[in-house]
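**Q** Basically our numbering = 1-based index in the sequence shown + 1464.
Just so it is clear, CB atoms sit at the ideal spot from N, CA and C, and this is done for glycine as well.
For reference, the structure I am asking about is given below.
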Amino acid sequence: MNKRNHRAEICFFFLICLGTFYIYGKDKKTIPEWVLNYQLSYPESEYIAQKGIGKKSDIAKNEAVANLSYYFETTVNARRESNYKSIQTSENQKYKNTTVQETIRDTSLTSSVTLQSVEFTEPYYNKKDKNWHCVAYIKRKNAWTKFEPELRVSKDNFMNYYKKANAETEVFYVIQNLNSALNNGWDFLDKYTYAQFLSEELTSQNYKEDMSVFSSLSSLIQSKKELCPLFIECSNDYGNQLYSCLSEILRNNGFIITKNKSNCLYYINGNVSFDAFNDDELFVYNPSIMISINKNFKSLYTYSYESGTVKAYTKKVAEQKSIDSICKILQNNFSDEFNATVSGNNIRR
1465 MNKRNHRAEI
1475 CFFFLICLGT
1485 FYIYGKDKKT
1495 IPEWVLNYQL
1505 SYPESEYIAQ
1515 KGIGKKSDIA
1525 KNEAVANLSY
1535 YFETTVNARR
1545 ESNYKSIQTS
1555 ENQKYKNTTV
1565 QETIRDTSLT
1575 SSVTLQSVEF
1585 TEPYYNKKDK
1595 NWHCVAYIKR
1605 KNAWTKFEPE
1615 LRVSKDNFMN
1625 YYKKANAETE
1635 VFYVIQNLNS
1645 ALNNGWDFLD
1655 KYTYAQFLSE
1665 ELTSQNYKED
1675 MSVFSSLSSL
1685 IQSKKELCPL
1695 FIECSNDYGN
1705 QLYSCLSEIL
1715 RNNGFIITKN
1725 KSNCLYYING
1735 NVSFDAFNDD
1745 ELFVYNPSIM
1755 ISINKNFKSL
1765 YTYSYESGTV
1775 KAYTKKVAEQ
1785 KSIDSICKIL
1795 QNNFSDEFNA
1805 TVSGNNIRR
């Protein structure tokens, strides 16, 4: 009798153990794999995914989207800054500093594409941690395919100027079009970086050569500038100030100034007019400046500006004040105007 009871107790014990293991095993089996390790379920090579956890299903879903958005912003920002630093910039091309806020602004341009591409797991309540779980994910290839038309348009914008530069024979206009390509190319770089984040493989396969062209633009522009030395001649230049001022502005733009007229490709004429008259004992001047860039008696660029009235008791002082006034104008106004023209923003034909 005792043996039977002992056996019954043993059998009962094993039944309890089997039941416990069955219940535990069944409960563990029903937990989706992505709850335990979402990176295994959504490998980085194919997906961009982030997980959200909350006390309610909608909180978990919103957190997943927020985490995905933050991951986009910070990762694209890091790639973008790295790409900017890799671009060779000419002496007068300012490095474009990147901030997270800039990236948020730029990536917002693609938010519609991103949001259309986001998918979610069905929120799951995990009894073990008493929280809802949800994963927001994007299929890289699908998102890249949706975004690619934006990248293509941006590429065409800067490549069109690059092609115009290659078709141009006048070096001054070549420089203008190359600078226009560079200016438009920064937008291409932003979109290239975003596309690269979605799929580095597809982006490289389709746009690697275009990126190579953009990367070479700054050094190409500088090499073109070195092919066209400039000769400067100024009239009514008091103390050689006008010549020095123009030389500094042009050198800051990467051009070479030559003192040998026979060696120059372009001839720059700076002509100051005083429009002087006497008012009792005063010398009254209304100075103005006319600058032209010429080649073979053809004017490629002109600039003119009138200064305010200058008064002095001697002619020498009036002329000195007039030239000082003109030089300030050149530094504050002509410099920006010429930069805009050379950079392709004010193309004149």
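Hey, quick one: how far does the alpha helix (DSSP H) through residue 1820 stretch, first residue to last?
**A** Any answer about residue 1820 is impossible in this case: the structure gives the chain only from 1465 up to 1813.
**Q** So with Cβ pairs under 8 Å, would you call residue 1516 a contact of chain C?
**A** Absent here is chain C; the protein component of the structure consists of one chain.
**Q** On the DSSP bridge assignment, give the partners of residue 1746 in chain order.
**A** Here residue 1746 corresponds to residue number 282 of the sequence shown, with the count starting at 1. DSSP output for residue 1746 lists 1743 as bridge partner(s).
**Q** Looking only at its chain, what residues have a beta carbon closer than 8 Å to the beta carbon of residue 1729, apart from the 5 residues adjacent to it on each side?
**A** The residue you call residue 1729 lines up with position 265 of the sequence shown. So the list reads 1635, 1691, 1692, 1693, 1694 and 1759, once near-sequence residues are dropped.
**Q** What three-state label does DSSP hand residue 1757 in the structure shown?
**A** Working through the sequence shown from its first residue, we reach residue 1757 at position 293. DSSP places residue 1757 in strand when its eight states are reduced to three.
**Q** Enumerate in chain order the residues of its own chain whose CB-to-CB distance from residue 1659 is below 8 Å, with the five nearest sequence positions on each side excluded.
**A** Taking the first residue of the sequence shown as position 1, residue 1659 is located at position 195. Cβ neighbours of residue 1659 beyond the five flanking positions: 1608, 1611, 1612, 1615, 1666, 1667 and 1671.
**Q** Tell me the DSSP bridge mates of residue 1708?
**A** For the purposes of this step, residue 1708 is taken as the residue at position 244 of the sequence shown. Bridge partners of residue 1708 according to DSSP: none are assigned.
**Q** Does the contact criterion of 3 or more C-beta pairs under 8 Å hold for the stretch 1762 to 1769 versus the stretch 1675 to 1684?
**A** no
**Q** Among 1754, 1782 and 1663, whose alpha-carbon lies nearest the alpha-carbon of residue 1745?
**A** Position 281 of the sequence shown holds residue 1745. Selected option, being the one with the closest Cα: 1782.
**Q** Contact check, residue 1778 vs residue 1802 under 8 Å by CB: the rounded distance?
**A** Taking the sequence shown and counting its residues from 1, the one referred to as residue 1778 is at position 314. Taking the sequence shown and counting its residues from 1, the one referred to as residue 1802 is at position 338. The pair is not a contact, with the Cβ atoms about 33 Å apart (cut-off 8 Å).
**Q** For residue 1806 and residue 1789, I'd like the C-alpha separation in whole angstroms.
**A** As a working note, residue 1806 is residue 342 in the sequence shown. As a working note, residue 1789 is residue 325 in the sequence shown. Using only the alpha carbons, I get a separation of about 24 Å.
**Q** Kindly indicate the opening and closing residues of the beta strand (DSSP E) around residue 1767.
**A** Counting from one through the sequence shown, the residue named residue 1767 turns up at place 303. Looking at the DSSP string, the run of the beta strand (DSSP E) that includes residue 1767 is 1762 to 1770.
**Q** Pairing CB atoms from the stretch 1591 to 1608 with CB atoms from the stretch 1647 to 1657, are three or more of them under 8 Å?
**A** no
**Q** Please report the residue range of the alpha helix (DSSP H) in which residue 1735 lies.
**A** For the purposes of this step, residue 1735 is identified with residue 271 of the sequence shown, where counting begins at 1. Element bounds for residue 1735: not the alpha helix (DSSP H) but the beta strand (DSSP E), 1730 to 1737.
**Q** Between residue 1595 and residue 1517, is the Cβ-Cβ spacing less than 8 Å?
**A** On the sequence shown, residue 1595 is found 131 positions in, with the first residue counted as 1. On the sequence shown, residue 1517 is found 53 positions in, with the first residue counted as 1. Yes, the pair counts as a contact, with Cβ atoms nearer than the cut-off.
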